[in-house]
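The sequence shown stops at residue 506 when you use this note's numbering, and every number in between is there. Inspection log for the structure reproduced underneath, given as structure tokens.
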Amino acid sequence: MSKFVIHGGNRLQGEIRIGGAKNAVLPILAATVLSGKVSVLTDCPNLKDVHTMIEILRSIGCQIRFEDSVITIDTSTLSSHEIPEGLVREMRSSIFLMGPILGRCGKIKISYPGGCEIGPRPIDLHIKALEALGVKITEAHGFLECEVLKLRGCEIHLDYPSVGATENAMLAAIFAEGITRIINAAKEPEIVDLQDFLQKMGAKICGAGTSEIIIEGVKELHDVEHKIMPDRIVTGTILAAGAATGGDIFVTNAIANHVQPIISKLKECGCLILEKGDTLKLKAPERVRAVDMVKTLPYPGFPTDMQAQFMALMTIARGTSFFTETIFENRYKHVDELTRMGAKIKIDGRVAVIKGVKKLTGARVFAKDLRGGAALVIAGLVAEGITTVEDIVHIERGYEQFDKMLEQLGANIYKIK
90 MSKFVIHGGN
100 RLQGEIRIGG
110 AKNAVLPILA
120 ATVLSGKVSV
130 LTDCPNLKDV
140 HTMIEILRSI
150 GCQIRFEDSV
160 ITIDTSTLSS
170 HEIPEGLVRE
180 MRSSIFLMGP
190 ILGRCGKIKI
200 SYPGGCEIGP
210 RPIDLHIKAL
220 EALGVKITEA
230 HGFLECEVLK
240 LRGCEIHLDY
250 PSVGATENAM
260 LAAIFAEGIT
270 RIINAAKEPE
280 IVDLQDFLQK
290 MGAKICGAGT
300 SEIIIEGVKE
310 LHDVEHKIMP
320 DRIVTGTILA
330 AGAATGGDIF
340 VTNAIANHVQ
350 PIISKLKECG
360 CLILEKGDTL
370 KLKAPERVRA
380 VDMVKTLPYP
390 GFPTDMQAQF
400 MALMTIARGT
410 SFFTETIFEN
420 RYKHVDELTR
430 MGAKIKIDGR
440 VAVIKGVKKL
450 TGARVFAKDL
460 RGGAALVIAG
470 LVAEGITTVE
480 DIVHIERGYE
490 QFDKMLEQLG
500 ANIYKIK
């Protein structure tokens with residue numbers, strides 16, 4: 090298993106560019122199935138999850154080339170509606186294929202998806218949305234077998250603004266007869282990026298970024314080229330790392346509006362942040378102060394995907410901070426590992442109380458999920474001595490060459506394979 094070795098104590102300085110977003114490119118890759126033509130995606134991150142989605146698309150007959158952050162996909166050669174179980178179990182985002190393959194083929198067979206174990210993420214909202222469009226779904230032996238003769242537009246009321254269910258419903262409705270309204274839709278920027286891609290391909294869709302998305306079904310789509318939006322969670326992670334180390338950094342190819350909840354909390358803990366175009370400048374104090382409360386919420390609230398990284402920052406803050414995790418019930422796996430490094434954290438259900446300490450100490454710790462692993466790296470950057478972060482396969486699912494990015498900013502970090 091690969092690991093990161095970090096010699097803590099270096100202040101991050103310099104400039105770093107943020108690449109395309111994992112959570113945007115995965116549903117867009119799935120969406121390419123709809124056109125049956127050629128799609129060109131630029132600024133794509135070179136990540137394990139992206140390669141898994143590419144392998145899934147290849148396994149059902151698509152032809153794909155991935156070179157220098159550009160993915161070219163020809164889905165005209167699609168030859169199967171059955172998704173290999175082994176690949177689906179590697180990545181939860183494979184569930185995004187349900188909507189587009191149903192739209193294209195009228196049927197799909199797929200197993201229940203895998204991914205990080207951060208608590209229950211039921212797909213019942215996906216199933217209800219697809220059933221509303223007329224899909225008949227049979228569940229048996231760990232598989233979902235879905236079939237529809239004709240998708241029909243309808244009103245889909247989501248019980249919760251689930252990002253995945255919103256995106257799956259959008260994709261399924263593109264070829265549905267009539268008009269589909271998705272009510273209580275998720276508002277995340279990645280959904281807006283998916284809409285932009287679909288519009289360029291000829292879909293009639295509007296409303297992404299609001300609580301209601303409207304889709305008028307079309308008969309066909311065409312070739313498209315699209316640049317993937319910058320990764321707002323990578324942006325936030327780098328900003329948190331800069332703040333933890335008392336850094337002075339420039340983050341380019343960033344969209345400030347996408348990370349406003351994070352910027353707000355960083356300002357609250359004493360950081361100076363300037364926004365100019367697609368560049369964010371962060372100048373941090375020698376030691377940040379604690380924030381009163383961090384509560385994870387659907388966008389535009391504070392993202393659950395930044396909870397662990399911000400907690401790592403608060404472990405060395407002046408004062409005590411409180412975190413409430415409202416999205417996933419099992420997203421404090423990083424706490425035990427941070428405690429091994431000297432952090433003072435107490436958990437009571439979904440609430441964490443973090444009493445800042447003057448210093449952390451290096452230790453051997455284990456990344457148990459994607460964002461928790463990134464938090465351990467941030468902790469290692471400020472810890473006294475050497476920190477070894479094991480099982481970084483989780484981290485590499487969402488951060489492209491994380492060690493190289495941090496090294497570019499002056500961190501003493503290297504990877505051992």
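Cβ atoms here follow ideal geometry from the backbone N, Cα and C, with glycine treated the same way.
{"Asked": "Of the residues Glu301, Ser200, Ile362, Gly192, the one placed nearest His246, counting alpha carbons only", "Found": "Glu301"}
{"Asked": "Whole-angstrom C-beta distance between Arg486 and Lys137, which should lie under 8 Å", "Found": "5 Å"}
{"Asked": "Residues bridged to Thr166 (per DSSP)", "Found": "Per DSSP, none; premise fails for Thr166."}
{"Asked": "Terminal residues of the beta strand (DSSP E) in which Asn112 lies", "Found": "Where Asn112 is concerned, there is no enclosing beta strand (DSSP E), although the alpha helix (DSSP H) it sits in stretches over 111 to 120."}
{"Asked": "Where the alpha helix (DSSP H) through Leu214 begins and ends", "Found": "213 to 221"}
{"Asked": "Limits of the alpha helix (DSSP H) - the one that Thr255 falls within", "Found": "252 to 262"}
{"Asked": "Helix, strand or coil at Ser501 [DSSP, three-state]", "Found": "In the sequence under discussion, the amino acid at residue 501 is Asn, which differs from the Ser named in the question. Strand at Asn501."}
{"Asked": "Residues near Ser148 by beta carbon distance below 7 Å, same chain, minus five either side", "Found": "Pro173, Leu176"}
{"Asked": "Ordered list of beta strand (DSSP E) runs contained in the region 296 to 332, each at least 3 residues", "Found": "301 to 305, 313 to 316"}
{"Asked": "Sequence-distant residues of its chain with Cβ nearer than 7 Å to Phe399 (five each side left out)", "Found": "Ala329, Lys354, Val383"}
{"Asked": "Straight-line gap, Lys457 to Leu465 (C-alpha atoms, nearest Å)", "Found": "10 Å"}
{"Asked": "Start-to-end residues for the alpha helix (DSSP H) that takes in Lys356", "Found": "349 to 357"}
{"Asked": "Own chain partners of Lys293 with C-beta closer than 8 Å, once the 5 adjacent residues on each side are dropped", "Found": "Ile304, Glu305, Gly306, Val307"}
{"Asked": "Cα-Cα separation, Tyr421 to Arg453", "Found": "18 Å"}
{"Asked": "Endpoints, the beta strand (DSSP E) within which Phe40 is located", "Found": "Residue 40 lies beyond the stretch modelled for the chain, which goes from 90 to 506, so this question has no answer here."}
{"Asked": "Contacting residues, own chain, Cβ-Cβ under 6 Å from Met142 (five flanking each side not counted)", "Found": "Leu115, Leu118"}
{"Asked": "Whether Ile351 touches Gly325 by CB criterion (7 Å)", "Found": "yes"}
{"Asked": "Which of helix, strand or coil DSSP assigns to Asp367", "Found": "coil"}
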